[in-house]
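With our numbering, letter number 47 in the sequence shown gets 31, and the count goes up by one each step, no holes.
C-beta: ideal position from N, C-alpha, C; glycine also.
None of these values were measured; they are calculated from a predicted model.
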Amino acid sequence: MELNKQVVHMFVRELHVRDFDQTSPDITKMHRIDIEQHPDDPHVFEFTLNFMFAHFGTQIDGIIEATILVSSDDDTVDVLTELQSDEKMYAVPLFSKASALIVKATEDRGMFPVILPVEVWLED
């Protein structure tokens, strides 16, 4: 289903960076996406991405929120159901922001920047 999308507003609600004792050479990543339809406008959706990334003894977690306008040319489509059916793909702008924050946070800590392609978030 083709939906028309436009990110209106995106911001970082929280960002935490912590050291931890590394016990595995593997990347640890987790995320949760919440999508809510605005009660006053059926074309406005609030996306919230809660994410955590840990590697090389550093853990970065945070919350990113975005307001996205979404509509469909087909009036029979339930847009919220469609968004929830493929939420990862519709949340790519938020994953992109999370990856950029991880690069910046690791670089600011004096480490070499950890480059995290958006595709890593889409893997199960």
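Is the beta carbon of residue i less than 8 Å from the beta carbon of residue j?
i, j, result
"K72", "L106", "yes"
"F4", "G46", "no"
"F29", "Q21", "yes"
Rounding to the nearest angstrom, what Cα-Cα distance links residue i and residue j in this structure?
i, j, result
"D10", "V(-9)", "33 Å"
"F35", "L53", "23 Å"
"L78", "A84", "10 Å"
"H15", "D108", "11 Å"
"D110", "D18", "For residue 110 there is no data in the structure shown, the boundaries of the chain being -15 and 108."
"D58", "R(-3)", "34 Å"
"I86", "Q6", "17 Å"
"L(-1)", "V104", "19 Å"
Mind reading off the beta-carbon distance from residue i to residue j? Whole number of angstroms is fine, and I expect it under 8 Å.
i, j, result
"K81", "M(-6)", "6 Å"
"V1", "I44", "5 Å"
"A38", "T12", "4 Å"
Tell me which residues share the same chain as residue i and place their Cβ nearer than 7 Å to its Cβ, disregarding the 5 neighbours each side in the sequence.
i, result
"G94", "none"
"T90", "T42, P97, V98"
"V76", "V102"
Considering only residues of the same chain and omitting the five flanking positions on each side of residue i, which have a CB-CB separation below 6 Å?
i, result
"N(-12)", "S55"
"T111", "Residue 111 cannot be examined here, being either before or after the span of the chain that is shown, -15 to 108."
"Y74", "L67"
Under 8 Å Cβ to Cβ from residue i, same chain only, skipping five residues before and after it: list those, please.
i, result
"H27", "L53, V54, S55, V63"
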